[in-house]
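Novice: Below are the C-alpha cells for one structure; questions will follow.
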Amino acid sequence: MIREKTAILIHGCHVDAEGWERIIWGDPEKGLLGRIPTGIALALSEEADLIFWGTGASERNGKKESQIIFQYALRHLEELPALFERAGRVTYRKYPTPFELEKLLPKISYIDLVTQNTAQEVEAAAAECRARGITRLILVSSPTHIGRCRQDADKLRAEGKLRDLWVFDFSSDTCFEGTTPGDVVIIEPPHRGDMPKWQTYRYARAMFGIMKRGEVVYEEFLRAFGQLLITFGVTVDWRPRL
1 MIREKTAILI HGCHVDAEGW ERIIWGDPEK GLLGRIPTGI ALALSEEADL
51 IFWGTGASER NGKKESQIIF QYALRHLEEL PALFERAGRV TYRKYPTPFE
101 LEKLLPKISY IDLVTQNTAQ EVEAAAAECR ARGITRLILV SSPTHIGRCR
151 QDADKLRAEG KLRDLWVFDF SSDTCFEGTT PGDVVIIEPP HRGDMPKWQT
201 YRYARAMFGI MKRGEVVYEE FLRAFGQLLI TFGVTVDWRP RL
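See the structure below:
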C-alpha cells in the first residue's frame, strides 16, 4: 500500500486579536491546546511531510503573522510535553523531544508570506501540496474559525482548484476571546421540502456588505435592525463587545 503524503495548514491569526496567545498556544492551566500544539500534534501523529504556516494581512515590526507564530512555536517547544500531558494526550509521549522537534520543524515547515485571508491560505497551501506531490491536507484553526476554513475549501473545490487533494479539518481547543463554538451561526440555503424556502442566508450575506461601508453606517444599520427585532419581541445587544 502506497503511503499518502500529508500536509498540515496551521491558519494564521491577526497579531492584534484579543487573547492572541491563548488562540495560538492554548491554556496550559486548563489543558487546552491552541492552534500551534494542535497542528504539531497532528503533524507528528500523521507523519506529515509539510506544515504550512498560514498568514494574513496583519504584521508587527515588519514580520508577518506566519513568521511571528512560527517563531513563537520554536521558543515554546519545551513546554509542549507538559501541555500535552495536561491535555490528557498521553499518546504524545512517544513523540520527539523538544530538542528533536527544534531540528524537525524547520525541515518540514513552509512559512507563507503572501496570502491575505483564509481562502488564500487554503489555495496557497493546496498549490504547495500539489508541487510536492502531497495528496492530504488537514486544516487547523480555532473552533470559532474552522467552519469558515472548511467553507472556503469547499468553494475552492467547487471551482476545481483542489483536484487530487483530500482536505480535512480539525479544530483546536481555544476559541476567539470571550466566545464559544455555540456563538458561530451557520445559515444553510433552504432545501427541505416541508418548509418555506426563505432566503435567509441572502440577508445575512448582505449584512456583511453593509459592514464594508464603514463603522458609522454599520452601527446605524444594527441600531435600526435591533429596533425592528424589538417589534417582534426579540431583544439583541447590537453594540460591540468592550
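Per full-length UniProt numbering, the very first residue in the sequence shown carries number 1; after that it's consecutive. All C-beta atoms, glycine included, are put in the ideal place defined by N, C-alpha and C. Please read these numbers as outputs of a predicted model, since none were measured by experiment.
(1) Look at the alpha carbon of L156 and the alpha carbon of L162, and state the distance between them as a whole number of angstroms.
(2) Which residues in the same chain have their Cβ closer than 6 Å to the Cβ of E4, if we skip the five residues on either side of it in sequence?
(3) Among residues of its own chain, excluding the 5 on either side of E18, which ones have a beta-carbon nearer than 8 Å to its beta-carbon?
(4) Per DSSP, which residues does E59 bridge with? Please list them.
(5) Rounding to the nearest angstrom, what Cα-Cα distance links T55 and A206 in this structure?
(6) T144 bridges to which residues according to DSSP?
(7) Decide yes or no for the touch test of the region 137–155 against the region 95–113: beta carbon pairs closer than 8 Å, at least 3 of them.
(8) Which residue spans inside the region 75–122 form an unbroken beta strand (DSSP E) run of at least 3?
(9) Express the C-alpha separation of A7 and E79 in angstroms, rounding to a whole number.
(10) By the 10 Å Cβ neighbour count, where 16 or more other Cβ atoms means buried, how is T180 classified, buried or exposed?
(11) Using 8 Å as the Cβ pair cut-off and three pairs as the minimum, do the region 117–125 and the region 19–33 touch?
(12) Taking the alpha carbon of residue 243 as the reference point, which residue from W238, S172, E65 has its own alpha carbon closest?
(13) Are Q67 and I111 touching if we call contact CB-CB under 9 Å?
Specialist: In brief:
(1) About 6 Å.
(2) Scanning its chain for C-beta atoms nearer than 6 Å, with the 5 sequence neighbours on each side dropped, one finds around E4 the residues T135, R136, in chain order.
(3) Contacts found: F176, E177, G178.
(4) Answer is K64.
(5) For the pair T55 and A206, the Cα-to-Cα distance works out to about 27 Å.
(6) DSSP output for T144 lists no bridge partner at all.
(7) The region 137–155 vs the region 95–113: no contact.
(8) Restricting attention to beta strand (DSSP E) runs no shorter than 3 residues, the region 75–122 encloses them at 109–111, ordered along the chain.
(9) Each residue's alpha carbon lies about 24 Å from the other.
(10) T180 should be labelled exposed.
(11) No, because fewer than three Cβ pairs between the region 117–125 and the region 19–33 fall closer than 8 Å, the two stretches do not touch.
(12) The question about residue 243 has no answer here: the residues shown for the chain are numbered 1 through 242.
(13) Yes. Within cutoff.
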